[in-house]
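A short write-up of the structure that comes next.
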Amino acid sequence: MFVLTSLAPAVDTASADYLGCGYSQEEFLTKPGCVDTSIVASSGSLLTREDLLRNLALYEHYGFTRDFIENAPMQTIYVTEDIRWSGCDDTPDNGLCEIAGVRDSLMSGLFWVGMPFTVIGDENTFIALMCGNFHPVDVTQQMDAAKTGFHFVDIPTRLDVGVDTPITVEATVTNLGPDGPGHFTDEIRLLAEDDCTVNPASYTVPVVLAAGASTTFSRTFTVNCAHPSDHDFTAMDELAGEVGILDPDLTNNERTVPATIEVFDDSDLAVTSATLTCDDQTQVNTPFTCEGTATLTNDGPFGPTPSSATLSLDALDDCTVELTSGGVWTGNLALNGSEQFTGMWELTCDHRSYHPATMTAAVNSTYNHAEDHTLANNSMGATATTEVFETVDLEASFTQVSCTQREATANDFMCTAQLAAMNNGPATAVQTQTQFVFTPEAGCSVEAQPSLITRQIDANQTVAESATVHVTCDGSARSVIDVEAILSNAPEDPHAVDSDTAAAVWGPLDVKPRSWPSSINLGKQGVTPLAVLGTREFDPFTALQINTLRFGATGTEAVVTCASEGEDVNNDGLLDLICRVHNREIGDATTDTTTLYLAGMLVNGTPFYAEDAVNIVR
1175 MFVLTSLAPA VDTASADYLG CGYSQEEFLT KPGCVDTSIV ASSGSLLTRE DLLRNLALYE
1235 HYGFTRDFIE NAPMQTIYVT EDIRWSGCDD TPDNGLCEIA GVRDSLMSGL FWVGMPFTVI
1295 GDENTFIALM CGNFHPVDVT QQMDAAKTGF HFVDIPTRLD VGVDTPITVE ATVTNLGPDG
1355 PGHFTDEIRL LAEDDCTVNP ASYTVPVVLA AGASTTFSRT FTVNCAHPSD HDFTAMDELA
1415 GEVGILDPDL TNNERTVPAT IEVFDDSDLA VTSATLTCDD QTQVNTPFTC EGTATLTNDG
1475 PFGPTPSSAT LSLDALDDCT VELTSGGVWT GNLALNGSEQ FTGMWELTCD HRSYHPATMT
1535 AAVNSTYNHA EDHTLANNSM GATATTEVFE TVDLEASFTQ VSCTQREATA NDFMCTAQLA
1595 AMNNGPATAV QTQTQFVFTP EAGCSVEAQP SLITRQIDAN QTVAESATVH VTCDGSARSV
1655 IDVEAILSNA PEDPHAVDSD TAAAVWGPLD VKPRSWPSSI NLGKQGVTPL AVLGTREFDP
1715 FTALQINTLR FGATGTEAVV TCASEGEDVN NDGLLDLICR VHNREIGDAT TDTTTLYLAG
1775 MLVNGTPFYA EDAVNIVR
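Every number in the working numbering is 1174 more than the matching position in the sequence shown, counting from 1.
Structural data, given as structure tokens:
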């Protein structure tokens, strides 16, 4: 008789009996099938008669008696090519489990021929003590109840929190025979996560099937879940046959079908306020700041809701925008709660103008299963405007003032002023305006002041502006004309701000007093006398810087020297300043020249211009 000393590790199930077998009598406990599915002792030793008697109902069902188990001799027999038993086919994973699991298989499909094993009984009738399998096998009626189909029917793609939703499964049951008809019981359950209710908990469906027959039926469960998330569901179908009827294949009696369904809830997230403040003014290419604030709320019904919110700022294309702090909020937005967050930006703009900046505050759920069906309140905008200025240096200076007033035309004449309008930068393409104002002495009037002149002037550009007026006087007295020109940025260019005012005075001049015509022979040595005429409002002795006076074809050539005492050369009762110039210094005057000019400065720095008609000879 073969006696086994356990070579396998002990199994921590002190009183359990297991069903199964191994590849050899020495190794049976080391195989998974043996510890899962065998009537083997937990200690790892061979089964005793007491172990077998604890499973007496099994053995009696197949023709073994108590007396056999208690008294049959124990001996060693050997595997042959044709000896059969009730246990495993060809693997230790499918051993004896219960009455319905008995097999009629060749031992040589699993063990080598000639392997010894211990039994009670003999070669014709035995129970193997290594795992409880037996010979002969008397299976009289077999019905293979099979789940040949089990699936969800039009399973919903989503569930909503608090909403009853039907979930339907369809099952197909088949009696694969060979015997029948048989009575079968099919139990269908739907397992869900803890926050879900399933109604009903299960269905029990009785079925009567002839050999080879099938039936298909469906059952519907109502599911209601309380929390949004991915929810795992498992539909389980367990089919059982009649007690005492052998089901030769238990592996097809059960089916499970998993499903994952998204459960959603609603969170009405909103931006309830948004404000933006920016610096009022700045210069081009000089950074300025904007600060934005937004308030977020969650009106539910789900909350707290994982959410994110952003503040974004848009400006004109010539601006760079840099977020310097804040601008992002993430967290759980509580139900009926609110959160406030801010953002700071630094902006730098290249061009002068009004620069509006628009902030957009937006909030969204970051939780996949919290939906917001009211998207209209998820964002809000706010706008602020900064005036971006550019430095400009406008400069105006008179280059000439000329009037046609002569002794014969003292009461009706024209005056023209010429101005250099300069943009010294750095701003370019500045829209400018120039206003000339002519102011004659009392008793004279200007028919109409010149219209406003508008012009774009680039940086470091000088343009010439001029204006002409018609002056009339009450009498024949000579008079001076004050001229003022105001150069400034035009209203349509309000962010390049500057202005400059130029002033000049035109006064009457008599070349070669008491001589008509005033002929000058530039081909001879000599001097030409001049008289800067005094008027009711102009005293040439006190008003002029004598040393600045020049005379000639342009008023810049000959140095003028003047007497300290004056004369009244035109008999108007006013002293006139008597001066002279050297003819050779008069300059480029030709016989075609009809007017010579005097230019200088008043004592207050104002340019002074005068002129008279001449006859040039050589």
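Positions of the beta carbon are idealized from the N, C-alpha and C atoms, including for glycine. Remember, predicted model here, so these are calculated numbers, not experimental data.
Assign residue i to one of three DSSP states: helix, strand, or coil.
| i | result |
| --- | --- |
| Leu1748 | coil |
| Gly1196 | Only weak support is given to the placement of Gly1196: the predicted model assigns it a pLDDT of 44, under 50, and the value that follows is read from those uncertain coordinates. Gly1196: coil per DSSP, three-state reduction. |
| Asp1492 | coil |
| Ile1257 | coil |
| His1644 | strand |
| Phe1715 | helix |
| Thr1522 | strand |
| Ile1760 | coil |
| Asn1398 | strand |
| Leu1226 | helix |
| Asp1241 | helix |
| Ile1213 | The predicted position of Ile1213 is uncertain, since its pLDDT is 47 and thus under 50; no value can be drawn from it. |
| Tyr1541 | coil |
| Leu1696 | coil |
| Glu1666 | coil |
| Gly1283 | helix |
| Tyr1252 | strand |
Cutting at 8 Å between CB atoms, please list the residues of its own chain near residue i, excluding the five before and the five after it.
| i | result |
| --- | --- |
| Ser1673 | Leu1568, Ile1660, Leu1661, Ser1662, Asn1663 |
| Leu1696 | Asn1757, Arg1758, Ile1760, Ala1763, Ile1790, Val1791, Arg1792 |
| Ser1282 | Val1253, Thr1254, Glu1255, Asp1256, Ile1257 |
| Thr1434 | Asp1404, His1405, Asp1406, Phe1407 |
| Leu1230 | Arg1240, Ile1243 |
Do residue i and residue j have their C-beta atoms closer together than 7 Å?
| i | j | result |
| --- | --- | --- |
| Gly1708 | Asn1757 | no |
| Gly1466 | Leu1509 | no |
| Arg1380 | Thr1359 | The residue asked about is misnamed: residue 1380 is Pro in this sequence, not Arg. It is a contact, given that the beta carbons lie within the stated cut-off. |
| Asn1597 | Ala1641 | no |
| Val1755 | Ala1732 | yes |
| Thr1606 | Arg1629 | yes |
| His1543 | Pro1402 | yes |
| Asp1546 | Ser1441 | yes |
| Met1775 | Thr1722 | yes |
| Asp1488 | His1525 | no |
| Thr1532 | Gly1555 | yes |
| Thr1463 | Asp1453 | yes |
| Tyr1771 | Val1575 | no |
| Arg1652 | Pro1682 | yes |
| Phe1395 | Leu1364 | yes |
So, for residue i: in the same chain, excluding its five sequence neighbours on each side, which residues have a beta-carbon less than 6 Å away from its beta-carbon?
| i | result |
| --- | --- |
| Thr1371 | Asn1398 |
| Asn1789 | Pro1691, Ser1693 |
| Val1382 | Pro1355, His1357 |
| Pro1687 | Ala1705, Val1743 |
| Thr1573 | Gln1592, Ala1594 |
| Tyr1252 | Gly1288, Pro1290 |
| Asp1656 | Thr1613, Val1679 |
| Thr1602 | Asp1632, Ala1633 |
Throw me the rounded Cβ distance for the residue i and residue j pair, which I believe falls under 8 Å.
| i | j | result |
| --- | --- | --- |
| Glu1513 | Leu1507 | 6 Å |
| Leu1226 | Gly1306 | 7 Å |
| Val1347 | Ile1362 | So it is not a contact: roughly 11 Å between Cβ atoms. |
| Val1437 | His1405 | 5 Å |
| Asn1349 | Ala1387 | 6 Å |
| Thr1484 | Val1458 | With a Cβ gap of about 29 Å, Thr1484 and Val1458 do not count as contacting. |
| Val1643 | Glu1621 | 7 Å |
| Leu1450 | Ala1558 | 5 Å |
| Thr1540 | Ser1482 | 5 Å |
| Phe1300 | Val1293 | 4 Å |
Select from the options the residue whose C-alpha is nearest the C-alpha of residue i.
| i | options | result |
| --- | --- | --- |
| Trp1519 | Ala1717, Gly1500, Asn1778, Met1248 | Gly1500 |
| Thr1578 | Leu1220, Asp1786, Val1293, Phe1308 | Asp1786 |
| Ala1570 | Glu1564, Ala1591, Asn1552 | Ala1591 |
| Phe1324 | Phe1291, Pro1290, Gly1356, Thr1390 | Thr1390 |
| Asp1586 | Gly1649, Thr1636, Ile1243 | Gly1649 |
| Val1671 | His1401, Val1382, Glu1561, Ala1302 | Glu1561 |
| Leu1151 | Phe1242, Val1643, Thr1608, Gly1617 | Here the chain covers residues 1175 to 1792 and nothing more, so residue 1151 does not appear. |
| Gly1288 | Ser1260, Thr1469, Asp1256 | Asp1256 |
| Thr1222 | Met1304, Thr1471, Arg1652 | Met1304 |
| Gln1455 | Pro1530, Leu1443, Val1495 | Pro1530 |
| Leu1424 | Ala1319, Val1611, Thr1646 | Ala1319 |
| Gly1517 | Leu1365, Thr1534, Ala1677 | Thr1534 |
| Leu1751 | Pro1781, Gly1729, Glu1496, Gln1719 | Gln1719 |
| Pro1247 | Trp1286, Asn1298, Leu1230, Asp1439 | Asn1298 |
Please work out which residues of its chain come closer than 7 Å, Cβ to Cβ, to residue i, disregarding the five sequence neighbours upstream and downstream, and give them in chain order.
| i | result |
| --- | --- |
| Val1177 | Confidence in Val1177 is poor, its pLDDT being 26 and thus under 50, which makes the residue's placement too unreliable to answer from. |
| Thr1735 | Cys1753, Arg1754 |
Measuring only between beta-carbons, confirm whether residue i sits less than 7 Å from chain B.
| i | result |
| --- | --- |
| Glu1731 | Protein chains in the displayed structure number just one, and chain B is not present. |
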